[in-house]
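Asks: The opening position of the sequence shown corresponds to residue 175 in our numbering, with each subsequent residue numbered one higher. Beta carbons are placed, not taken as given, at the ideal position from N, Cα and C, and that holds for glycine. First the structure, then my questions, so here it is.
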Amino acid sequence: MSNHLKGESSPYLLQHAENPVDWYPWCQEAFDRAAREGKPIFLSIGYSTCHWCHVMARESFEDSEIGEILNRSYICIKVDREERPDIDSVYMAVCQAFTGRGGWPMSIFMTADQKPFFAGTYYPPHTRQGMLGFYELLQTVEGRWKDDREALFSTADEICSALNRSGDVAGDAEGTTLKGSGGTGLSLQASWEDGQSQHSLKLVERAVEAFRKSFDAEWGGFGDAPKFPSAHNLLFLMVYCKLQEGGSGKDIATILGMVEKTLDGMRRGGIFDQIGYGFSRYSTDRYFLAPHFEKMLYDNALLMMAYSVAYHVTGKDKYLHTAEETAQYLLREMTDGEGGFFSAQDADSDGEEGKFYLWEEEEICSVLGEERGKAFCKHYDVSRQGNFAGKNIPNLLNGNDITDDFQEEREKLYLYRREREHLHLDDKILTSWNGLAVCGMAMLYRVSGNDQYLMAAENAMQFIDNNLSEGLQLFVGCRNEKAFVNGFLEEYAYCVAALLFLYDVTARESYLRRAMELCQEAEEQFADDRGGYYLYGSQNGRLIARLKETYDGAMPSGNSVMAYCLVRLAKITGKNKYIQRAERQLAWMSGMAEEYPSGHCLFLTAILLWMAPDEKITVVLEEGAGAGKILRNLSLFAQVQILEQETAEYKRLDGKTTFFVCRDHVCLPPDNCIKSLRNISNV
């Protein structure tokens, strides 16, 4: 039996199109029917590669008895969180308020006017081991709706009031105060110099100290299991090590050591696919051995960036190899024919999480032959007894070399593994996630000089221009050549960042112009005069609350990315409007990050870049020279301009590639030698 989802394009919604539940997508028809029939709404939010979403679907949404009570007493709505991040954000705040935590699948009970009165996540089909069953929950809500509906309405009104009070976190600009040095209050209207820099640097130091205290010195990472990659946190720490002033060499070495230990642990562990490359969503243990096996585009894009920067900072080839292997995974398994990147690969195959990735020793030996098979198994911790549920996750946590001589064997195992039941691919192409992929590929090109990665970055940006935008209107994503949902703050923020990354490595004015245009559009659609940017704007539908997200979760928040973009535009253009907007956003975000600085790491990175001495490097290439090898030797934090031809201002020295360097308001004589720049550049 098909329901109202059968005409949708979302892979997640289509997974539920044949459920015995009469699902609707988020639409006015569903709300009108709920009001007309006097029924509550059951809202279920998830995404197509979510393991526990699959479990709840199999156990409950495919169950005819549960389907009967849902169809009898509720109007049921399914939402793909990746398609509608605005809906997900609002009701995630509700779920966290009810349960103290959030996650997917998300289960919301609400009125016909979208006001929630109960929220949770996964429920087993029936009560077991002290865990409330979904069937029993449905019966309880059904009874309360029949006998005490007014109490549920009252609860819903209270939740909405609280949500709107917390959602408009900006407060009144004149009345919001940030604490500067010496306890002096600093209004958001104050200039950056009037104490704001000292306050923001304290936030930076508090975040660094929080990471220091939570660092797992034995295995890497921060805190205990589960461990998430959180690449933007590692990027912040690396930028801090390169740019912060006044720290002792020992302190910097310690912090960089924390980053390297974490990057090494992830690369060695099962969270990294040693056979086909790419990183899984997170590690279920503290060792990075056993992952939650789904692979997300945004994790791999961010990690590609983190390993690229680690290579630039340390000069260690293993980090470049990891970044390139991650890029290889994205290019061969996650790329559309036109250059866009797909969203995710599932954790489940044949109804079992991780089955696709697990190996038996005998199986590997049968593919590689006894001699090479045994050698491979010894190197990658594969044994007869297994290291995970009786089978094996290949890993290098035993300390064996990351760069080994098993390239041919890995390729054979990769091709063999491809014959297993295919993993579900979420093939929708999301604008914000593709923006991140552009950033990752551009950064990898910058540190490697390999044109393949620049081509991938430019192709993905061209895909966004061709398929995910109409003029200045961006869309959330597309599937089967059909774009869907007007874009939110993240779409604009991440696209502006991607365009700035491309401008960094190509110096093409078209990328900078487009970045400025989209930044202005974001200002008009999402900016609040009191500070910050709303998640959804003037081109989006209204929900029960209008939130401003500042916390960096799995991905940096739209407000953090906007802070970064405004800082970059201010530095590149020197225009007052970007300087003023950057100062305003940084001051507002400082207030938002006060309680939990380490949860706002991309914003703190923007702070560090804002305070760093200005550095501009103009390179005039000699005839026939390419930019790739030049870029890899220049500071990641400088504004770089590559010229293929001489200008009146910039002429070659002795006909060779020539560098013109200005740093901290001082310009040096032109030079032909890259090495001489290292004395005055943060390379």
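Leaving out five residues on either side along the sequence, give the residues of the same chain with a beta carbon under 6 Å from the beta carbon of L795.
Replies: Same-chain partners within the cutoff: E818 and T831.
Asks: Do the region 457–468 and the region 582–596 make contact, defined as three or more Cβ pairs closer than 8 Å?
Replies: Because the criterion of three Cβ pairs below 8 Å is not met, the region 457–468 and the region 582–596 do not touch.
Asks: With C-beta atoms as the reference, is C250 less than 7 Å away from W197?
Replies: It is a contact, given that the beta carbons lie within the stated cut-off.
Asks: Just the C-alpha distance for N338 and P290, rounded to the nearest angstrom, thanks.
Replies: Approximately 13 Å, taken between the alpha carbons.
Asks: Using the three-state DSSP reduction, which class does E434 fall into: helix, strand or coil?
Replies: Note: E434 maps to helix in three-state DSSP.
Asks: Which value, in whole angstroms, describes the spacing of the CA atoms of E544 and H495?
Replies: The alpha-carbon atoms of E544 and H495 are separated by roughly 28 Å.
Asks: Using a Cβ distance threshold of 8 Å, determine whether the region 755–762 contacts the region 779–788, with at least three qualifying pairs required.
Replies: Verdict: yes, contact present.
Asks: Which residues in the same chain as C841 place their Cβ atom closer than 8 Å to its Cβ, once the five residues preceding and following it in sequence are excluded?
Replies: The residues are F834 and V835.
Asks: Going by beta-carbon coordinates alone, are D520 and H466 separated by less than 7 Å?
Replies: Contact flag unset, no.
Asks: Give the straight-line distance between the Cα atoms of I240 and Q288, rounded to the nearest whole angstrom.
Replies: Their Cα atoms are separated by approximately 23 Å.
Asks: Counting along the chain, where does the beta strand (DSSP E) carrying E697 start and finish?
Replies: Looking at the DSSP string, E697 is not in any beta strand (DSSP E); the run it does join, the alpha helix (DSSP H), is E683 to F700.
Asks: Can C224 be considered in contact with the ligand SAM, in the sense that its beta carbon sits closer than 6 Å to one or more heavy atoms?
Replies: Here there are no bound small molecules, and the ligand SAM is not part of this structure.
Asks: Do you know offhand how far Y708's Cα is from E698's?
Replies: Distance between the alpha carbons of Y708 and E698: 11 Å.
Asks: Can you tell me where the alpha helix (DSSP H) with T488 in it begins and where it stops?
Replies: Looking at the DSSP string, the run of the alpha helix (DSSP H) that includes T488 is L471 to T488.
Asks: Quick check on the DSSP output: the alpha helix (DSSP H) that includes L817 runs from which residue to which?
Replies: Taken as a continuous stretch (DSSP letters only), L817 belongs to no alpha helix (DSSP H), being part of the beta strand (DSSP E) at Q813 to L817.
Asks: Select from T436, S404 and K376 the residue whose C-alpha is nearest the C-alpha of F389.
Replies: Here the closest residue by C-alpha is T436.
Asks: Give the DSSP-derived three-state secondary structure of C847 in the structure shown.
Replies: In the structure shown, C847 sits in coil (DSSP, three-state: anything other than H, G, I, E or B).
Asks: Once the 5 residues before and after A286 are set aside, which same chain residues still bring their CB inside 7 Å of it?
Replies: Excluding positions up to five away in sequence, the list reads F205, A208, A209 and I215.
Asks: Under three-state DSSP, which class holds I576?
Replies: I576 falls in the coil class under three-state DSSP.
Asks: Could you compute how far the alpha carbon of F811 sits from the alpha carbon of R687?
Replies: Spanning the two alpha carbons is a distance of roughly 21 Å.
Asks: If you scan the region 567–640 from start to end, which runs of the alpha helix (DSSP H) of 4 or more residues do you find wholly inside it?
Replies: Within the region 567–640, the complete alpha helix (DSSP H) runs of at least 4 residues are 581–591 and 605–622.
Asks: Just verifying my parser: in three-state terms, what is the DSSP assignment at S422?
Replies: Because the pLDDT of S422 is 49, which lies under 50, any placement of that residue in the model is unreliable, and the number read from its coordinates should be weighed accordingly. S422 falls in the coil class under three-state DSSP.
Asks: May I ask you to report which of helix, strand or coil DSSP gives E392?
Replies: In the structure shown, E392 sits in coil (DSSP, three-state: anything other than H, G, I, E or B).
Asks: Pop quiz: G514 and N641 are said to be a contact at Cβ under 8 Å. What is the actual Cβ separation, rounded to whole angstroms?
Replies: Right, the Cβ-Cβ distance comes to about 7 Å (below 8 Å), so this counts as a contact.
Asks: Measuring alpha carbon to alpha carbon, tell me which residue in C847, Q502, I449 and G489 is nearest A475.
Replies: Of the candidates C847, Q502, I449 and G489, the one whose C-alpha sits nearest the C-alpha of A475 is Q502.
Asks: Short check: CB of A786 to CB of L417, under 7 Å?
Replies: Yes. Within cutoff.
Asks: Would T223 and E468 be called neighbours here (beta carbons separated by less than 7 Å)?
Replies: Closer than 7 Å, so yes.
Asks: Using a Cβ-Cβ cutoff of less than 6 Å, which residues in the same chain neighbour D639 once the five nearest sequence positions on both sides are dropped?
Replies: Excluding positions up to five away in sequence, the list is empty.
Asks: Roughly how far, in whole angstroms, is the beta-carbon of T500 from the beta-carbon of L477, given that I think they are within contact range, below 8 Å?
Replies: Indeed, because the Cβ distance is near 6 Å, the residues count as touching under 8 Å.
Asks: Going by DSSP, name the residue or residues bridged to V840.
Replies: Beta-bridge pairing links V840 to R837.
Asks: Can you give me the start and stop residues for the beta strand (DSSP E) that S263 sits inside?
Replies: Taken as a continuous stretch (DSSP letters only), S263 belongs to no beta strand (DSSP E), being part of the alpha helix (DSSP H) at P259 to T273.
Asks: State the DSSP-derived secondary structure class of Q519, mapped to helix, strand or coil.
Replies: Looking at Q519 - three-state DSSP - the assignment turns out to be strand.
Asks: Cβ of L648 within 7 Å of Cβ of S517?
Replies: For L648 and S517, no; Cβs fall outside 7 Å.
Asks: Once you ignore the five residues that flank M266 on each side, which residues in its own chain have a CB closer than 7 Å to its CB?
Replies: Correct list, in chain order: G276 and M280.
Asks: Less than 6 Å between C-beta atoms, sequence neighbours within five positions excluded: which residues of the same chain meet that for A293?
Replies: For A293, where only same-chain residues beyond five positions count, the Cβ hits under 6 Å are V268, C269, F272 and I282.
Asks: Would A616 pass as a contact of A631 if the rule is Cβ separation under 7 Å?
Replies: In this structure, A631 lies closer than 7 Å to A616 by Cβ.
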